[in-house]
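The sequence shown runs 10 to 279 under the numbering used here. Some notes on the structure that comes next.
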Amino acid sequence: MTKETRVKRWFALLTLTSAAALGLSAPEIRSVGSFQVVVFDMTKGDYAPRVVLDERLVSVRELLGPEPPAAAITGTFFAWENGRPVGEVVIDGDVVADGARGSAIGVDWYGRVHIFDTEVRGWQDWFPYRYGLRAGVRIVREGVVDPKPWTQGFRDRSIWGSAARTAVGTTPGGKLVMMATRSSVTLSTLGRQMTALGVTNAVALDGGGSTMLYAKDRYLISTSRRLNNLFIVEEKSPLDDKFRAHLQRLARNQTDGVANGVSGTGAANP
Numbered sequence: 010m011t012k013e014t015r016v017k018r019w020f021a022l023l024t025l026t027s028a029a030a031l032g033l034s035a036p037e038i039r040s041v042g043s044f045q046v047v048v049f050d051m052t053k054g055d056y057a058p059r060v061v062l063d064e065r066l067v068s069v070r071e072l073l074g075p076e077p078p079a080a081a082i083t084g085t086f087f088a089w090e091n092g093r094p095v096g097e098v099v100i101d102g103d104v105v106a107d108g109a110r111g112s113a114i115g116v117d118w119y120g121r122v123h124i125f126d127t128e129v130r131g132w133q134d135w136f137p138y139r140y141g142l143r144a145g146v147r148i149v150r151e152g153v154v155d156p157k158p159w160t161q162g163f164r165d166r167s168i169w170g171s172a173a174r175t176a177v178g179t180t181p182g183g184k185l186v187m188m189a190t191r192s193s194v195t196l197s198t199l200g201r202q203m204t205a206l207g208v209t210n211a212v213a214l215d216g217g218g219s220t221m222l223y224a225k226d227r228y229l230i231s232t233s234r235r236l237n238n239l240f241i242v243e244e245k246s247p248l249d250d251k252f253r254a255h256l257q258r259l260a261r262n263q264t265d266g267v268a269n270g271v272s273g274t275g276a277a278n279p
């Protein structure tokens, strides 16, 4: 064994040992028939799911940035005429794009992923969430596959036909599942594939020619189409400086509320 080989092996062992010490659990990549799947065990290690948005339609490479994440998948639908998302997008607690239809993915300030329904044309309270994507089609609800996009404000019948698909789902055990296929499948087929992996809540995102799934420095499914938003997962703690600033704001608000209550400032006039 050459000295160079010994150094490479030592470095690889050091990297693995460091990852184990940090509690990191690399995402699992699977091929299930025509479906490409990326699974994160969110209970092991530090992962920070978030949303990436650009004001323009740009290449996926540009959206991924100079330091690519552990995984990324196509985000919500956008309008071809102006390149804007058709559903709300939330970044660092701020609503940066509007649109009131479909189900949503919310990432709270602790990095936990939530999938929930929203009221069509209704206001959504994003206060608990640091990141969010609205305008997804609910495909699995509490373990039941029952997509009904026409009840969620969607009118384009191509959405509930067969097409290339992307989806994000969660399991009761704390796993985050990202799934995509180039094959033309229905929303129900996509949902059944999710439940076969133990997913109990899932939402379909933009698909067709926009279908893309990336993990571990490679494209499992690539697209040449320009996009403006992605749902990504980074290997780092979500409890960063902005998280701490958020907690400080909450503490100040609570302190101000107590002070107003004691002084009577916040009391209603009799």
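Idealized CB from N, CA, C, for every residue including glycine.
Supposed contact pair residue j and residue i - C-beta distance, whole angstroms, cut 8 Å
i, j, result
"Pro-78", "Ile-241", "4 Å"
"Thr-195", "Val-69", "That pair is no contact at about 25 Å."
"Leu-214", "Thr-85", "6 Å"
"Thr-52", "Gly-183", "4 Å"
"Phe-44", "Pro-36", "That pair is no contact at about 15 Å."
"Thr-175", "Gly-216", "5 Å"
Residue burial classification, residue i (beta-carbon count within 10 angstroms, cutoff 16)
i, result
"Thr-160", "exposed"
"Asp-165", "exposed"
"Pro-94", "buried"
"Gly-131", "exposed"
"Pro-181", "exposed"
"Arg-253", "exposed"
"Asn-238", "buried"
"Ala-30", "Confidence at Ala-30 is low in this model, with a pLDDT of 38, below 50, so the placement of that residue should be treated as unreliable; the coordinate-derived value is given next. Classification of Ala-30: exposed, given that the 10 Å Cβ count is below 16."
"Pro-75", "exposed"
"Gln-129", "The residue asked about is misnamed: residue 129 is Val in this sequence, not Gln. Exposed."
"Thr-264", "exposed"
Residue j beta carbon less than 8 Å from that of residue i
i, j, result
"Leu-142", "Gly-96", "yes"
"Ala-113", "Glu-243", "no"
"Leu-236", "Leu-72", "yes"
"Val-98", "Val-186", "no"
"Ala-173", "Ser-197", "no"
"Ile-124", "Val-146", "no"
"Gly-177", "Ile-82", "Reading the sequence as shown, one finds Val at residue 177 and not Gly. In contact: Val-177 and Ile-82 (Cβ atoms closer than 8 Å)."
"Pro-247", "Tyr-138", "no"
"Leu-62", "Ala-106", "yes"
"Ala-144", "Gly-111", "yes"
"Gly-189", "Ala-80", "Residue identity check: residue 189 is Ala in the sequence provided, not Gly. Not closer than 8 Å, so no."
"Gln-202", "Val-41", "yes"
Helix, strand or coil at residue i according to DSSP, with G and I counted as helix
i, result
"Ser-233", "coil"
"Val-95", "coil"
"Phe-86", "coil"
"Phe-44", "strand"
"Pro-58", "strand"
"Thr-204", "helix"
"Ser-246", "coil"
"Glu-71", "helix"
"Asp-117", "strand"
"Ala-142", "Strictly speaking, residue 142 in this sequence is Leu, with Ala absent from that position. Three-state result, Leu-142: strand."
"Leu-222", "strand"
"Arg-130", "coil"
"Asp-265", "helix"
"Thr-52", "coil"
"Lys-157", "coil"
"Ala-79", "coil"
"Gly-32", "The predicted position of Gly-32 is uncertain, since its pLDDT is 44 and thus under 50; a value taken from the coordinates is nonetheless stated next. Reduced to three states, the DSSP call for Gly-32 is coil."
"Phe-125", "strand"
"Leu-239", "strand"
"Thr-180", "coil"
"Thr-195", "coil"
"Arg-227", "strand"
"Ser-171", "coil"
Residues near residue i in its chain [Cβ-Cβ closer than 7 Å; skip 5 each side]
i, result
"Gly-200", "Ile-148, Val-149, Val-154, Pro-156, Ala-211"
"Thr-204", "Val-149, Gly-152, Val-154"
"Gly-92", "Arg-65, Leu-66, Asn-237"
Neighbourhood of residue i by C-beta distance below 8 Å, restricted to the same chain and skipping five residues each side
i, result
"Trp-135", "Glu-97, Val-99, Gly-102, Val-104, Gly-115, Gly-141"
Close-in-space but distant-in-sequence residues of the same chain around residue i (CB under 6 Å, 5 per side omitted)
i, result
"Val-122", "Pro-58, Val-116, Thr-179, Leu-185"
"Gly-218", "Arg-234"
"Gln-133", "Thr-127"
Cutoff 8 Å: residue i Cβ touching any chain C Cβ
i, result
"Arg-143", "No chain C is part of this structure, which consists of one protein chain only."
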